[in-house]
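K.L.:
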Amino acid sequence: MCLGIPGELVERLPEHEDLAVVDVSGVRRRINVGLLADEALGPGDWVLVHVGFALSKISELEAQAVLDYLNGLGQPYEDELDALRTSDIA
Amino acid sequence: MCLGIPGELVERLPEHEDLAVVDVSGVRRRINVGLLADEALGPGDWVLVHVGFALSKISELEAQAVLDYLNGLGQPYEDELDALRTSDIA
Amino acid sequence: MNREQQVLARIERIRRRKPVVREERITLAHGAGGKATHTLIEAVFLEAFRNPLLAPLDDGALLRVGGERLAFTTDSFVVSPLFFPGGDIGDLAVNGTVNDLAMCGARPAHLSAGFVLEEGFPVADLRRITDSMAAAAAAADVTIVTGDTKVVQRGKADGCFITTAGVGLVEQPVTLSASHARPGDAVIVSGPIGEHGAAIMLARDDFGIEAPIVSDTAPLHAIVAELLAAMPQHVRTLRDATRGGVATVVNEVANASEVAVVLREDDIPVRPEVTGVCELLGLDPLYVACEGRFVTVVDGEHAGRALEVLRSHPLGAEAAIIGTVAAAPAGLVLLRTAFGGTRVVDVLVGDPLPRIC
Amino acid sequence: MNREQQVLARIERIRRRKPVVREERITLAHGAGGKATHTLIEAVFLEAFRNPLLAPLDDGALLRVGGERLAFTTDSFVVSPLFFPGGDIGDLAVNGTVNDLAMCGARPAHLSAGFVLEEGFPVADLRRITDSMAAAAAAADVTIVTGDTKVVQRGKADGCFITTAGVGLVEQPVTLSASHARPGDAVIVSGPIGEHGAAIMLARDDFGIEAPIVSDTAPLHAIVAELLAAMPQHVRTLRDATRGGVATVVNEVANASEVAVVLREDDIPVRPEVTGVCELLGLDPLYVACEGRFVTVVDGEHAGRALEVLRSHPLGAEAAIIGTVAAAPAGLVLLRTAFGGTRVVDVLVGDPLPRIC
Amino acid sequence: MRFVDEYRDAGTARALAAQIAARCRPGRRYTFMEVCGGHTHTIYKHGLEDHLPAEVNLVHGPGCPVCVIPMGRVDDAIHIARRPDVIMTSFGDMMRVPGGQGSFLDAKAAGADIRMVYSPLDALKIARANPDRKVVFMAIGFETTAPSTAMTVLRAEAEGLSNFSVFCNHVMIIPAIKAILDSPDLRLDGFIGPGHVSAVIGCQPYEFIARDYGKPLVVAGFEPLDILDSVHRLLTQLAEGRCEVENQYARVVPWQGNRIALSAMGRVMRLRPHFEWRGLGFIAHSALAMSDEYARFDAERVFDLPGVRVADPRSCQCGEVLKGVLKPWECKVFGTACTPETPIGTCMVSSEGACAAYYNFGRFSREEMRTTAAQGPQAEEASRA
Amino acid sequence: MRFVDEYRDAGTARALAAQIAARCRPGRRYTFMEVCGGHTHTIYKHGLEDHLPAEVNLVHGPGCPVCVIPMGRVDDAIHIARRPDVIMTSFGDMMRVPGGQGSFLDAKAAGADIRMVYSPLDALKIARANPDRKVVFMAIGFETTAPSTAMTVLRAEAEGLSNFSVFCNHVMIIPAIKAILDSPDLRLDGFIGPGHVSAVIGCQPYEFIARDYGKPLVVAGFEPLDILDSVHRLLTQLAEGRCEVENQYARVVPWQGNRIALSAMGRVMRLRPHFEWRGLGFIAHSALAMSDEYARFDAERVFDLPGVRVADPRSCQCGEVLKGVLKPWECKVFGTACTPETPIGTCMVSSEGACAAYYNFGRFSREEMRTTAAQGPQAEEASRA
Ligand code: SF4
Ligand code: SF4
Ligand SMILES: [Mg+2]
Ligand SMILES: [Mg+2]
Ligand SMILES: [Mg+2]
Ligand SMILES: [Mg+2]
Ligand SMILES: [Mg+2]
Ligand SMILES: [Mg+2]
Ligand SMILES: [Mg+2]
Ligand SMILES: [Mg+2]
Ligand SMILES: [Mg+2]
Ligand SMILES: [Mg+2]
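Chains as they are written, first to last, in numbering that gives the first Met the number 0: chain A, 0 to 89; chain B, 0 to 89; chain C, 0 to 356; chain D, 0 to 356; chain E, 0 to 384; chain F, 0 to 384.
As structure tokens, then:
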């Protein structure tokens, strides 16, 4: 119900200012972007889609920040695993 | 379209003065007898049924008269045939 | 030939031409079993699927499996109402396929059942239907061995449709086909005609008609087996007289065998109530469907014996020889009327009847 | 066992009880291929028709005819829309039955076809359907040898329903069943999953979603024949992943064989567009139908060879080993998620999808 | 007595046939028209012509209700039926009658809600059951049927039903017979009069035919013996030099007709100044419309209608067949372009249409039929013995 | 970047799991509530608990929109849906929610015209296409969904659509959390805050939780790494003695929320004085109704409703589950009388309901699952090698 899907905005539609097309893994749907009327929205922007409406513009910066942090956490562990694998005597 | 079927009236229905049930070879249907309102109609009477209405009360007398006449015509012929058959030498 | 005869001869030639579907849309006539159905089958289905096993358009196809002869057939059932005096869609669906197998000369063995159910269909009704299928299967000594169920949205079907298919083994040395009738053969019907169609019409209650008519639906494999056992070489054709009635079946024989068939109205068994319904609705019992009667064409010299065998089985107690096969005019069915006249009996045109199977 | 484990163990026992249909009316869930469908089949159909050939509830029944083994199956097709990217109801109806025969290890030979048409259905559409049936039959090397057509009044069906049945010969010395999986066996899927169901959903245009997804409908007899020829003794189970998807098929195997199956999410092939549709609609691709993919369980030691054989056929180019069979917990399907967790994969509950076959 | 089988006895028929043959002056040709399609149907269905000598020639008349409906009226009815708020009802006979743009059956297949009824009262039942829809009864038929329509409207009025109306196409038999009598290309020796129409209008209306046109007329029943008997009576009149209206069907037809039926028609309907008959063109005072008093039940006033006259197909010769000028097989398209499955003209539609009756029952050389039928039953009788 | 797979990496998860384990004080039990059903779903669907140490216990909250709809409202909606002039529309999640007399699915099977939509705008499309029917949208959901309903009503108003109305059941998350915080039988160490609700309301509304109740809250995204990250952040706050509202989901959630969404809701809807929540009873100021200005779009005013309160089934313990007091398996009917096919409570219906998620994905001893899964893939990996 509270399902929200990130989608890439590919087109604003001429027939109505609130209409746009998003792409989710190559799948397209018309959505209503009226709730983001005060954002500058254009092709290439990502939005969170909920029941046919764009609820939020996704910030790539914020997204990357979290990922960097998480990957930073993960790195030592991955390094250790790699070491384990290469030392395998089989 | 002008199909009319002789049916025997088996019952007048209480719910409406124009309703009755006829029987055709053991098959029953409700019909409207409003067009025969000035006839005395009761069980055992025969009527001619057309598109759900009794169009006419059938006169057994008249029917018999024609049949008698026709059978009279036929009799000599039948007699002759019978004679032929009994004389068959097989 | 006078001018009338020339015209009529030309018409017969035209009737033999490849049938063409002229309609843009399917009408009820295409499902009534008569001329439109035949046209659709030949012009669309046979045209697309053409192969030697389908081509005879008999009640089923005859396959060779190893050394055995296997009959394979299918029918879809869409009768309305689903429950009617004498039966329901369930036993109809079993008997219908059992009978088509029997008409191929096969001992029915196994059936499949595909259900299309409408959303909202009462489960209790479904149980009633499956129970009567099970009872019919037991009576016919067949098992329902595979199946499928689909559900469509409310308003996209009519309660319950059933498609059965069946396989059976042809164990007698028979070669049966609508195309095997020969001049001198006798045409026999296994019992009074039209009771199923009349029962359905009354059960729909569209015409306010009531009569004690019960569907004749029944499995015909046993009576057919007795006939075939008694004279495997002398039975030419077996065909159950379903949609389109006896008239249509006999026309199929006349056409496929390129012979004439002469029926005798006086000898065609019809119960008085069926006659009554037909009179009231302006129908001809010859076109009214049965689901437990068949027409068989047998060697004329063995017709008496065939009748004896049939009459000794409960389902054939009222069997009757109703006509004979003549050489010409090929493809035509004639009726000697009770009144002493003669007329043509054509296949059914249009759809005078509600969904009966 | 702690209290949670005791409760869960009790629940598993209850799940194994004889299924009961609690609903008074048929719902779309009864046709979705999941839990409700199974319950309906077991509690109504199997209950009424019970016999040893039907009981395994495999894709078809195995009959003995003379010395031969014959597979016999049926499916009804009610897909909406009738025409969709990659196919139509016609080739679906042929491929569906060809595939069920293939899943029995049989070489498909002959099909029957029963049509239920709605009054008003365009004849041109019917021709388009029969043409594609003919093409599909030719491609699968089967003939449509017998058929039937019914017409129902406008509003009493949805254009065109088709029920096909089929017979085929089991020529390899195989014994296939959903109940033959053993611990150590590998579970293989023949290609990317969910494309058919996703294509239908988009074709209905109910959700305003567009994607270049094409139904995977295809005849599987040839690729299956190659697999069986390569290792007749080592293939335990074949099952096409239609309604209910791969998840349901694998559950059927786990239940019938009383084993556990462990799937590995990372290895399950799903095209990105299918993932996209599933994300947008909140669906799980594991439950989305295919019409040209199958799941096979093979001896674990021969899994690599099986994959090789499958991948050498165009329809199996993206085949993948997606899981393994374990002894316990019997009847349960587990998924190792891409995230490194584990969860249960149950059969489909309810009806998340429109009519897909 | 069932008033049916008694009149189908083959032995009596043979006897009557002998009498008929005896009544004919050798070499002379007697042409009688059976006005009513019901008679045409009986004649073919029972193979009645097998009992007639070559001298007696039956030609078919205009008395088939669906045969005379012009294309434009069918189109109008379909125009109404296509409205989503309408349920159109009619007798089965109407379903395949071709209009300019297809038949009721085509319109139904394309989505119109058109239902077959057995009686106009069934249409009323449908109206009661569908208060939110407008139920229209496509009324066709001669005076036999018109009273039923009238009674149904009176019933609707009594029940206060406001969603029921009648698209009235009732026609009258006398103007049609008069048109035929006045047609220059006709040679008839007498008429077999329509039995069931006469049950309503009685026998008096035919008297002008005997009196003014010098043609005998025998009102006949619908069983085959009734028709043979009527032929015999016509021949007898001719032989005896009489020219009268005779009532062979007195068991059903009172000389004065049915007073109640006539008054119901008179109340609910009015005479149209003129009406088009398929194949026959416009005939003055030949049809009925709803009366002003019952305007609210008149579909022609309730709905807007195109009311376009549509010319009959060029190849159609129904007019000549309906006037008895051509036998069905003489029409250029009979049995080729025009068949019961693909009717061009209306006479090929109804089972009472001359072309349909001939095509379905008689389409084959009578002599050859007789020969074949004679072979057949012998073999069969042998096997029955 | 797809903003999806990036947050599902197993390697990163294992690393994070190690950090989480390291953050736990051995022997201490940490109980966090994920308020939102979407989180519950993610947790079970990805098997996230396999990455959590025994010390961390996740309990499920009230944030599943269909779980909190009381039976009486379902009955009211079905009452409307049964009218022949109505097309009822709703999200798929609603279809199986049991009311006192069955679910939408049952009503649909029995003949009501109920259609699933993906968006309230689809309901509008249906209304446009069916001008002669009344189209009702069964609106459910928290603040995530309410703005869409509001925007749809504004669109209907702009188009002048008069056959569209909303049966408004929108609820608000803050009063629900407050009810839980005020419940005496609860012991929680912190909250995983609802990400998508927060995209609308922002993070400020949660501040009282940290301030007044001393519980940390981390607004979390819906991918499994988001949740692990949030658990880690909660543990870190606890370890560091902080108690704050933190925004883990800043890529989607602006601290201030969505101004346009809030103002659309404010215009079209008004606060209800109280509203019944399934299992939780009446909560003051916890739900939205249509505002007076939009009364003509309010199904509660357009239609007469029974409005009868229906007591939850006696056996149902959804209230306890929604408050996090009971784990699903602790409910007496879980998995026996109450299953996804035959739900008694609402938590068993939606894929976001705690009972459904647990039954579908988690219903099996976690240890045994781990053991089996560990056997399986090895054999498989071997054969893949
Ligand atoms: S054959 Fe057809 S067109 Fe010709 S007269 Fe008969 S019905 Fe009319
Ligand atoms: S098991 Fe059913 S009744 Fe119990 S809490 Fe869960 S949903 Fe509610
Ligand atoms: Mg036909
Ligand atoms: Mg048959
Ligand atoms: Mg068949
Ligand atoms: Mg059959
Ligand atoms: Mg199936
Ligand atoms: Mg299910
Ligand atoms: Mg299968
Ligand atoms: Mg199958
Ligand atoms: Mg299948
Ligand atoms: Mg058939």
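Glycine included, every Cβ here is placed at the ideal spot set by N, Cα and C.
Assuming PHE281 (chain E) is part of the beta strand (DSSP E), what are its boundary residues?
P.N.:
Counting along the chain, the beta strand (DSSP E) containing PHE281 (chain E) begins and ends at 280-283.
K.L.:
Following the continuous alpha helix (DSSP H) through PHE207 (chain F), name the residue where it begins and the one where it ends.
P.N.:
Run containing PHE207 (chain F): 206-212, per the alpha helix (DSSP H) assignment.
K.L.:
Does the separation of the CB atoms of LEU34 (chain A) and PRO146 (chain F) fall below 8 angstroms?
P.N.:
Yes, the pair counts as a contact, with Cβ atoms nearer than the cut-off.
K.L.:
Quick check: does the Cβ of ASP303 (chain F) come within less than 7 angstroms of any heavy atom belonging to ligand 12?
P.N.:
The answer is no for ASP303 (chain F).
K.L.:
Apply the 10 Å Cβ neighbour rule to PRO5 (chain A) and answer buried if 16 or more other Cβ atoms are within range, or exposed otherwise.
P.N.:
Classification of PRO5 (chain A): buried, given that the 10 Å Cβ count is 16 or more.
K.L.:
Please go through the same chain and pick out, in chain order, the residues whose beta-carbon is closer than 8 angstroms to the beta-carbon of LEU227 (chain C), but skip the five residues on each side of it.
P.N.:
Answer for LEU227 (chain C): GLY104, GLN171, VAL173, VAL234, listed in chain order.
K.L.:
Does any heavy atom of ligand 1 sit closer than 7 angstroms to the C-beta of CYS63 (chain E)?
P.N.:
Incorrect: CYS63 (chain E) has no Cβ contact closer than 7 angstroms to ligand 1.
K.L.:
So is the beta-carbon of ASN98 (chain C) under 7 angstroms away from any non-hydrogen atom of ligand 6?
P.N.:
Correct: ASN98 (chain C) has its Cβ closer than 7 angstroms to ligand 6.
K.L.:
Ignoring anything shorter than 4 residues, give me the alpha helix (DSSP H) runs that lie fully in the stretch 205-258 of chain D, in order along the chain.
P.N.:
Qualifying alpha helix (DSSP H) stretches, in chain order: 220-229, 244-256.
K.L.:
When burial is assigned at 16 or more other CB atoms within 10 Å of the CB, is GLN316 (chain F) buried or exposed?
P.N.:
Buried, by the Cβ-count rule.
K.L.:
For the candidate residues E:VAL165, E:LYS107, E:GLY280, E:VAL85, whose alpha-carbon lies nearest to that of ARG95 (chain E)?
P.N.:
Measuring from the Cα of ARG95 (chain E), the nearest candidate turns out to be E:LYS107.
K.L.:
At which residue ranges does the stretch 110-145 of chain F contain complete beta strand (DSSP E) runs of 3 or more residues, listed in the order of the chain?
P.N.:
List check, beta strand (DSSP E) in window: 113-115, 133-140.
K.L.:
Taking all protein chains shown into account, do 16 or more other C-beta atoms lie within 10 angstroms of the C-beta of ILE13 (chain C), making it buried, or fewer, making it exposed?
P.N.:
Flag for ILE13 (chain C) reads exposed.
K.L.:
Exposed or buried, ASP81 (chain A), counting other C-beta atoms within 10 Å across all chains shown (16 or more means buried)?
P.N.:
The residue in question, ASP81 (chain A), is exposed, as its Cβ has fewer than 16 Cβ neighbours within 10 Å.
K.L.:
Would VAL307 (chain F) be called buried (16 or more neighbouring beta carbons within 10 Å of its own) or exposed?
P.N.:
Label assigned to VAL307 (chain F): exposed.
K.L.:
Do PRO339 (chain E) and ALA355 (chain E) come within 8 angstroms of each other at the CB atom, strictly closer than that value?
P.N.:
Cβ atoms of ALA355 (chain E) and PRO339 (chain E): closer than 8 angstroms.
K.L.:
For LEU282 (chain D), collect the residues of the same chain with a Cβ closer than 7 angstroms to its Cβ; drop the 5 residues on either side in sequence, then sort them by chain order.
P.N.:
Here the set comprises PRO351.
K.L.:
Does the stretch 79-86 of chain D come into contact with the stretch 36-52 of chain D, if we say contact requires no fewer than three beta-carbon pairs (one atom in each stretch) closer than 8 angstroms?
P.N.:
With the cut-off at 8 angstroms, the stretch 79-86 of chain D and the stretch 36-52 of chain D do not touch.
K.L.:
Examine chain D for any beta-carbon lying closer than 8 angstroms to the beta-carbon of LYS177 (chain E), and answer yes or no.
P.N.:
So, not an interface residue.
K.L.:
For GLN377 (chain F), which residues of its own chain have a beta-carbon under 7 angstroms away from its beta-carbon, when the five flanking residues on both sides are left out?
P.N.:
Residue placement at GLN377 (chain F) cannot be trusted, given a pLDDT of 46 that sits under 50; what the coordinates show is reported in the next sentence. Here the set comprises nothing.
K.L.:
Report yes if the CB atom of LEU270 (chain E) is closer than 8 angstroms to the CB atom of VAL244 (chain E), and no otherwise.
P.N.:
It is not a contact, given that the beta carbons lie outside the stated cut-off.
K.L.:
Identify whether SER147 (chain E) lies in helix, strand or coil by the three-state DSSP scheme.
P.N.:
Helix, per DSSP.
K.L.:
Quick check: the Cα distance between VAL23 (chain B) and ALA210 (chain C), rounded to an integer number of angstroms?
P.N.:
Computed Cα separation, rounded: 9 angstroms.
K.L.:
Could you compute how far the alpha carbon of PRO342 (chain F) sits from the alpha carbon of CYS1 (chain A)?
P.N.:
Straight-line Cα distance between these residues: approximately 21 angstroms.
K.L.:
Please compile the residues from chain D whose C-beta is within a distance smaller than 7 angstroms of the C-beta of GLY110 (chain E).
P.N.:
Those are GLY119, ARG153, listed as they occur along chain D.
K.L.:
In the DSSP assignment, find the alpha helix (DSSP H) that holds HIS195 (chain E) and state where it starts and stops.
P.N.:
That run of the alpha helix (DSSP H) goes 194-200.
K.L.:
Residue range of the beta strand (DSSP E) that PRO61 (chain F) falls in?
P.N.:
Unbroken beta strand (DSSP E) run through PRO61 (chain F): 55-62.
K.L.:
Between which two residues does the alpha helix (DSSP H) containing GLU3 (chain C) stretch?
P.N.:
Residues 2-14.
K.L.:
At a Cβ threshold of 8 angstroms, is PRO223 (chain F) touching chain D?
P.N.:
Chain D, which has a Cβ nearer than 8 angstroms to the Cβ of PRO223 (chain F), makes this yes.
K.L.:
Put ASN246 (chain E) into one of helix, strand or coil per three-state DSSP.
P.N.:
If DSSP states are grouped into helix, strand and coil, ASN246 (chain E) belongs with the strands.
K.L.:
Let me check understanding here. Comparing Cα to Cα, which of F:SER364, F:ALA283, F:ASP188 lies closest to ARG241 (chain F)?
P.N.:
Comparing Cα positions, the closest option is F:ASP188.
K.L.:
For SER382 (chain E), count neighbouring C-beta atoms within 10 Å of its own C-beta (all shown protein chains included) and say buried if the count is 16 or more, exposed if not.
P.N.:
With a pLDDT of 43 at SER382 (chain E), under the threshold of 50, the modelled position of that residue is not reliable, and no figure is offered here.
K.L.:
Along the alpha helix (DSSP H) that carries ASN168 (chain F), what are the first and last residues, could you check?
P.N.:
Looking at the DSSP string, ASN168 (chain F) is not in any alpha helix (DSSP H); the run it does join, the beta strand (DSSP E), is 163-169.
K.L.:
How would you call VAL19 (chain D), buried or exposed, if buried means at least 16 neighbouring beta carbons within 10 angstroms?
P.N.:
Its Cβ having fewer than 16 others within 10 Å, VAL19 (chain D) is exposed.
K.L.:
THR341 (chain E) by DSSP, collapsed to three states: which one?
P.N.:
THR341 (chain E): coil per DSSP, three-state reduction.
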